[in-house]
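Comments concern the structure below.
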């Protein structure tokens, strides 16, 4: 599945879970500060979770264990298997050669969303730039002359000086708008509006904005009621008087010639009945509902996170090997004897595993590592399916093909298997394909190094697609002439198999 589409679906799942927790458990609670933080973090968590790897659950992916070539889905035939090398799509040419239409659609949606936000900010600036301002305690007060309702944005309170308000009512309305300013509600709105542009495809981002607007009004109502109650001489005005003011101004709002500009925090915000109900509510906050976010996030970690492809190098091309260590003749002889002995032991153990029986359709694979480290040679034998076209037992010139010899073929300058893998890694390139046509997977290629050191009988044992197979063949064809392998001092033809892992650029 396309990576972008996977991320989109994961973010929809995450934000949908967050909205369900808010709508079913938190909306009716008076924990307004908690709700505010929850709503602000929800899109960040929903967008971030699908991008996280999940190495702790790698055993669920069926990935091959590091240090042995994977054989799932049909592996190569009898051969000496080199370590897996990794190829990733990279570079601007590969990235832009064929971008998926889904990517262009997503980028266009983000651009439209950000453009819409910029246009609304510009509209607000044009409508308010000519208003005279006076400095207040922590805010600037701008009289609108009836062109805008009483509202706030940033550090500015826009005051409708044509509204006939009693001094006590005016004090409560001003305290309400001052709470919006002091608590930084404008920055919350801009944060969530930016996320609406990024997650424009997500249906749950839109009710999240409305929920945040309601939460802001409830926070400002609480702050205004507390401030005016503390400042009022004599009996403190209760929620009933404030609720009456809300209802009266909401009724007046219906008669306004035009709606307030977007992005403003208006005292006559809709959902007045909900605000009045919250003002009159006295039941305690049920704290257990606030903890529901934890199991929701834990569930999303297990479901929405992308599966990490566990590889020996974690999907990163191997770093250049250290210079080969010069071995003495005695050390080379010791390594040869060690390899022979360990191959015999490994074959015996493999035979014991099958009870000495032949497994039809399979053959043994020999994997040898640490060939340049006396006493540390590791030999692994695994079973693989026999390819549909059996490997030739003889070269074109009639020489017998060996699976393993005492002195394995090497590139000029030595370096063993590491140098061979490095040379192929340098030559192979990820095919120039459209993003939607790119794949993750292995290509198994086999070839024979003749007793003259030439590369021939190249064959794709397990392919991934014409473009990938051709890229591998091109890389193998560029290999220089080898120093041939030897058995008993005589040059011999040796068969190799190379697993090449292709990975899309993250």
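In this note's numbering, the protein residues as written are 1 to 506. Quick reminder that beta carbons are idealized off the backbone N, C-alpha and C, glycines included.
Under a Cβ-count criterion, where at least 16 other Cβ atoms within 10 Å of its own Cβ denotes burial, should residue i be classed as buried or exposed?
i           : result
residue 20  : exposed
residue 129 : exposed
residue 468 : buried
residue 451 : buried
residue 160 : buried
residue 316 : Low confidence applies here, because residue 316 scores a pLDDT of 44, under 50, leaving its location unreliable; read the following figure in that light. Residue 316 comes out exposed.
residue 259 : Model confidence at residue 259 stands at a pLDDT of 49, short of 50, so the residue's coordinates are unreliable and nothing is read from them.
residue 333 : exposed
residue 207 : exposed
residue 475 : buried
residue 490 : exposed
residue 124 : buried
residue 211 : buried
residue 137 : exposed
residue 179 : buried
residue 35  : buried
residue 396 : exposed
residue 11  : buried
residue 507 : Nothing about residue 507 can be reported from this structure: the residues present for the chain run from 1 to 506 only.
residue 203 : exposed
residue 156 : buried
residue 437 : exposed
residue 488 : exposed
residue 217 : buried
residue 431 : buried
Please confirm whether residue i and residue j have their CB atoms less than 9 Å apart.
i           : j           : result
residue 199 : residue 101 : no
residue 177 : residue 152 : yes
residue 120 : residue 197 : no
residue 150 : residue 131 : no
residue 181 : residue 139 : yes
residue 407 : residue 486 : yes
residue 394 : residue 439 : no
residue 188 : residue 504 : no
residue 154 : residue 186 : yes
residue 49  : residue 192 : no
residue 141 : residue 127 : no
residue 223 : residue 171 : no
residue 449 : residue 409 : yes
residue 32  : residue 22  : no
Between which residues of its own chain and residue i is the CB-CB distance below 8 Å, once the five residues before and five after are set aside?
i           : result
residue 473 : 445, 458, 460
residue 331 : 374
residue 477 : 455, 458
residue 411 : 419, 420, 423, 479, 480, 482, 483
residue 492 : 399, 400, 402, 405, 451, 484, 485, 486
residue 106 : 4, 8, 201
For residue i, which residues in the same chain have their Cβ closer than 7 Å to its Cβ, ignoring the five residues on either side in sequence?
i           : result
residue 5   : 102
residue 183 : 219
residue 441 : 464, 502
residue 349 : none
residue 122 : none
9 Å is my cut-off, CB to CB: does residue i come that close to chain D?
i           : result
residue 139 : No chain D appears in the structure shown, which is made up of a single protein chain.
Ordered along the chain, which non-local residues of its own chain (more than five positions away) have a Cβ less than 6 Å from that of residue i?
i           : result
residue 335 : 374
residue 162 : 146
residue 205 : 196, 199
residue 209 : 192
So residue i and residue j are in contact, right, with Cβ under 8 Å, and what is the actual spacing, rounded?
i           : j           : result
residue 51  : residue 7   : 7 Å
residue 46  : residue 18  : 6 Å
residue 405 : residue 345 : Going by Cβ atoms, the distance from residue 405 to residue 345 rounds to 19 Å, so no, they are not a contact pair.
residue 201 : residue 109 : 6 Å
Spell out the partners DSSP gives residue i in its beta bridges.
i           : result
residue 486 : 407, 491
residue 143 : 159
residue 402 : 494
residue 133 : 142
residue 444 : 462, 499
residue 394 : 400
residue 456 : 448
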